[in-house]
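J.: Input: one structure, supplied below.
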């Protein structure tokens, strides 16, 4: 398994990671699993590839599906930008076509891997043609047409997809954050439900509450509190 570190190299050059931990080679991972996977044969279906990006860095880690083995850092770069081309170089360096791991990451990573246009686009979903600009239909239309492939030049697809769409694992945390954001924004700001949020999270400003800005632990804590359900009106509770 090749690792990438371009911190001291030009953006177009990839070198093995010089870190203190032993770097796994392709042959070791497939034919002779090292001590990180004792008494076990490597099976690509038991691992998923997590990719994380920011404006100036990129990293990739292999995660074991059953958490039986520790995570394995396989790539790192502090110069490669979050682009479709960077994702293509990353997957090529890791010989993704041989392993075909499931891919996980945030929705930005999913979009880059599948070649979708970045930013506020009309069709941001890779599974269906949900129209982000049809505000009057978002809480009315329950079903949207499925995408018939990801063809560059159509429905905000800019480049060819680097992996099959069924290899993508949707990020549950980001979905939960999005649902909570929309729910909080739709609450009656003078109602008991919104008042309860203000009382439960006094350190969050009223403006942030209106915008639905929460983190994962806060959402988890809120969902466990039966008093929140009791504070919602019938319409809010049904949502």
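Residue numbers (the UniProt record's numbering): 1 to 239.
For glycine and all other residues, C-beta sits at the position ideal for the given N, C-alpha and C.
#1: Would you mind working out which of 142, 211, 83 sits nearest residue 56, comparing C-alpha positions?
#2: Do you know how far the Cα of residue 125 is from the Cα of residue 188?
#3: Going by DSSP in three states, residue 26 sits in which element: helix, strand or coil?
#4: Spell out the partners DSSP gives residue 157 in its beta bridges.
#5: With distances taken between CB atoms, is the gap from residue 58 to residue 71 smaller than 8 Å?
#6: Taking residue 43 as the reference, give the member of 156, 50, 98, 92 with the closest Cα.
#7: Taking 7 Å as the limit between beta carbons, can you name the residues of its chain near residue 239, skipping five residues before and five after?
#8: Can you check which of these residues, 46, 47, 51, 45, is closest to residue 171 by C-alpha distance?
#9: Between which two residues does the beta strand (DSSP E) harbouring residue 48 extend?
#10: When DSSP builds the beta bridges, which residues end up paired with residue 64?
#11: Below 6 Å CB to CB, which residues in the same chain sit around residue 194 once its five sequence neighbours on both sides are set aside?
#12: Starting from residue 102, trace the beta strand (DSSP E) both ways and give me its first and last residue.
#13: First and last residue of the alpha helix (DSSP H) that includes residue 205?
#14: Tell me where the alpha helix (DSSP H) around residue 231 begins and ends.
#15: Here's a check: name, in chain order, each residue in its chain whose Cβ is nearer than 6 Å to the Cβ of residue 117, leaving out the five neighbours to either side.
T.: Short version:
#1: For the residues 142, 211, 83, the minimum Cα distance to residue 56 belongs to 83.
#2: So the alpha carbons of these two residues sit roughly 29 Å apart.
#3: With a pLDDT of 40 at residue 26, under the threshold of 50, the modelled position of that residue is not reliable, and the figure given next carries that caveat. In the three-state DSSP reduction, residue 26 falls in the helix class (H, G or I).
#4: In DSSP, residue 157 forms a bridge with 116.
#5: Not closer than 8 Å, so no.
#6: When C-alpha distances from residue 43 are compared across 156, 50, 98, 92, the shortest belongs to 98.
#7: Scanning its chain for C-beta atoms nearer than 7 Å, with the 5 sequence neighbours on each side dropped, one finds around residue 239 the residues 183, in chain order.
#8: Cα-wise, what sits closest to residue 171 is 51.
#9: DSSP places residue 48 inside the beta strand (DSSP E), whose first and last residues are 47–53.
#10: Its beta-bridge partners are 47.
#11: Closer than 6 Å at the Cβ level, and outside the excluded window around residue 194, lie 187.
#12: Note, residue 102: beta strand (DSSP E), 102–104.
#13: Unbroken run through residue 205: none, as it is neither H nor E.
#14: Per DSSP, residue 231 is one residue of the alpha helix (DSSP H) stretching across 226–231.
#15: So the qualifying residues of the chain are 156, 158.
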